[in-house]
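Numbering (my numbering), first residue to last: 5 to 526.
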Amino acid sequence: MQGYIPTEAYPSGIILLNNELFVTNLEATGARIAQPVSQQSGIKKTSSSEQKAFNSHKQLASVSFIALPNAQQLNAYTAKVKKLNHQFRLALAEQMPRPDVLPKPVPERIGEPSVFKYVLYIIKENRTYDQVLGDIPTGNGMPSLCIFGDSVTPNQHQLAKDYMLMDNYYVSGKSSAEGHHWASAAMVTDYTQKSVRAWFRSYPHVLNDAMVYNKKGLIWNNALDHGKTVRMYGEAITCEFDTKTYDWAKLYQLREQGKTFPFVNTSTISRVRPIIAASFPGGNNESVSDQMRADAFIKELHETAAKPGGQLPNLMIMALPNDHTAGLNPAFPTPQAMVADNDLAVGRIVEAVMSSRFADSTVIFISEDDSQAGWDHVSAYRTTGFVISKYSRLQKTIHTNYNQTSLIRTIEQILGLPPMNVIDATALPMFDCFTNQPNLSFKYTALPSRIPLNEMNPAPAKLKGEALRYTNLSIQYAFQQIDQGHDDLLNRILWFSAKGKKRYPAKMAGNAEEENEEEDDD
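Encoded structure:
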């Protein structure tokens, strides 16, 4: 290989004709909003010709026309590609550990000691930063876009206050079918990238299709291959049960009575099966309250803590999916109640871990898998992220640009795992999220939900107008099956559920079809 030539995002095909390269780029310039918008100035109106806003799906492919470079031009191109892709970090990832280095939260070199022995990695579903944390004044949020604010997600708001607020954290995928791969493998395969939106074989959001697996495996393979213990709490796992007998209301009633229900967790991934937490319902089904998932994890945590010499797995990966919501489907709680359910589960799990005898040596990472079900004034990919430990109680806003690959690289750095591919090898570890001076006395206390978790969506017979239309569409598209419905439609339903007839923020959500509608604040 003689060098690199820069293109736009994800080149997918190339032809050389008459000393000119023609390169197709699947993602081109990627998702964007029409123009920068500040929280002070609000949404700036533009002419229809300028309204070219895109969410993580509404993006354009492109073709690059590149004259075949001479040797001097190729050298310049190569230097540019290496700089833009942070290839200098490849050498940093290969540095040998030094002897007699004191433990740090995130070691400077892979293989050097960390203060952490255990990592809990929680993966949630599809929210943006502005949707949830946009009401926090110390962060770069737009309050007018926030529909799941402090009244719905008190625990996530308190965690942002007690530990840190990350307002420049991003997911890497466009939907759950990619998002769970980015979240677990720090990349997607060529097959996955070229199947987006078509999904000829399957929709692999629970990693149930061998065609989408990264050859180097996923983060749990990496950990197992290097002698670490792993436990899977719902991620990459399907929960099978009698859905005709056990709907959301029935399952919630059983939980209120202190009972559980018969289910079986399965996975198509052979190395996942032996490390499945059998009592933790798999993350594919929103009919199961996230409280049941929290119950199962906390019970197992307490049992382990009670055993003399009992140790947690080095890596625990958990799915908490119910902030996805089911729209206005009357068989499910309201969107606000489902997000509140998810928030309370997060709070309870954090409280349990940070109050246990493992607290000083455990770090919790929390991320959405993708951000497609929302809107944001900065980026379609900006989302919520949390880093929780006795060494991350900074109580300030972190503006450093991090994403899912940064999170994966940080886990690898802590556990002494080599990068799985060039993407996590060149990712920036989340050094700014930690301090070497821990607060060992602090214990987080979960805040109660401010919304009844069993606040159900009304039946169609009680509705009319837009509420009836959106309810029927929620039933038709079965939004409770993750990513099965039209994403923009679900986004509009979520906006309506919180804001009523207030104008939908199409510029920030990426659909230009209705951007010329007059705002209605009735």
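Backbone N, C-alpha and C fix where the C-beta goes; we use that ideal spot for every residue, glycine too.
According to DSSP, is residue i part of a helix, a strand, or is it coil?
i	result
Tyr81	helix
Met460	strand
Tyr256	helix
Gly153	coil
Gly17	strand
Tyr395	coil
Gln145	In the sequence on display, residue 145 carries Gly and not Gln. DSSP places Gly145 in coil when its eight states are reduced to three.
Leu30	strand
Lys87	helix
Val119	coil
Arg507	coil
Tyr195	helix
Met5	coil
Phe438	coil
Lys49	Low local confidence applies: a pLDDT of 39 at Lys49 is under 50, so the model's placement there is unreliable, with the coordinate-based value given in what follows. Coil, per DSSP.
Phe339	Note that residue 339 corresponds to Pro in the displayed sequence, not to Phe. Pro339: helix per DSSP, three-state reduction.
Glu24	strand
Thr247	coil
Asn407	strand
Thr270	strand
Phe92	helix
Met512	helix
Glu12	coil
Assuming residue i and residue j form a contact by the criterion Cβ under 8 Å, report the distance between their Cβ atoms to the nearest whole angstrom.
i	j	result
Ala344	Leu457	6 Å
Arg113	Arg102	7 Å
Gln484	Ala323	Actually they do not touch by this definition, with Cβ atoms about 15 Å apart.
Ala281	Tyr237	5 Å
Lys128	Val119	Not quite, the Cβ-Cβ distance comes to about 26 Å (not below 8 Å), so this is no contact.
Gly378	Thr132	3 Å
Buried or exposed for residue i, going by 16 or more other Cβ atoms inside 10 Å?
i	result
His490	exposed
Lys303	exposed
His306	exposed
Gln257	exposed
Glu372	buried
Lys394	buried
Asn492	Position check: residue 492 holds Asp in this sequence, whereas Asn was assumed. By the neighbour-count rule (16 or more Cβ atoms within 10 Å), Asp492 is buried.
Asn155	Correcting the residue type first, residue 155 is Ser in the shown sequence and not Asn. Under this definition Ser155 is an exposed residue.
Asn346	buried
Val276	buried
Glu517	Note that Glu517 has pLDDT 42, beneath the 50 cutoff, so the model's placement of it is unreliable and the number below is only indicative. The residue is exposed, with fewer than 16 neighbouring Cβ atoms inside 10 Å.
Tyr125	buried
Thr338	buried
Among the residues of its own chain, which have a CB less than 7 Å from the CB of residue i, if the five just before and after it don't count?
i	result
Val85	Tyr8 and Pro10
Thr82	Gly7 and Tyr8
Trp499	Ile151 and Tyr508
Ser66	Glu12, Asn29 and Ala32
Looking only at its chain, what residues have a beta carbon closer than 6 Å to the beta carbon of residue i, apart from the 5 residues adjacent to it on each side?
i	result
Leu348	Ser453
Gln43	Residue placement at Gln43 cannot be trusted, given a pLDDT of 44 that sits under 50; the coordinates are not used to answer.
Glu24	Ala71
With a threshold of 8 Å on Cβ separation, who are the neighbours of residue i within its own chain once the five nearest residues in sequence on each side are excluded?
i	result
Asn4	This structure gives no information on residue 4, because the portion of the chain shown stretches from 5 to 526.
Ala450	Asn159, Leu348, Gly351, Arg352, Val354 and Glu355
ask   = So does the stretch 375–393 actually touch the stretch 417–433, counting three or more Cβ pairs closer than 8 Å?
value = no
ask   = Does the stretch 399–406 come close enough to the stretch 162–170 that 3 or more CB-CB pairs lie under 8 Å?
value = yes
key: Segment contact, 8 Å Cβ cut-off, at least three pairs: the stretch 205–215 with the stretch 469–476   = Contact fails: fewer than three Cβ-Cβ distances are below 8 Å.
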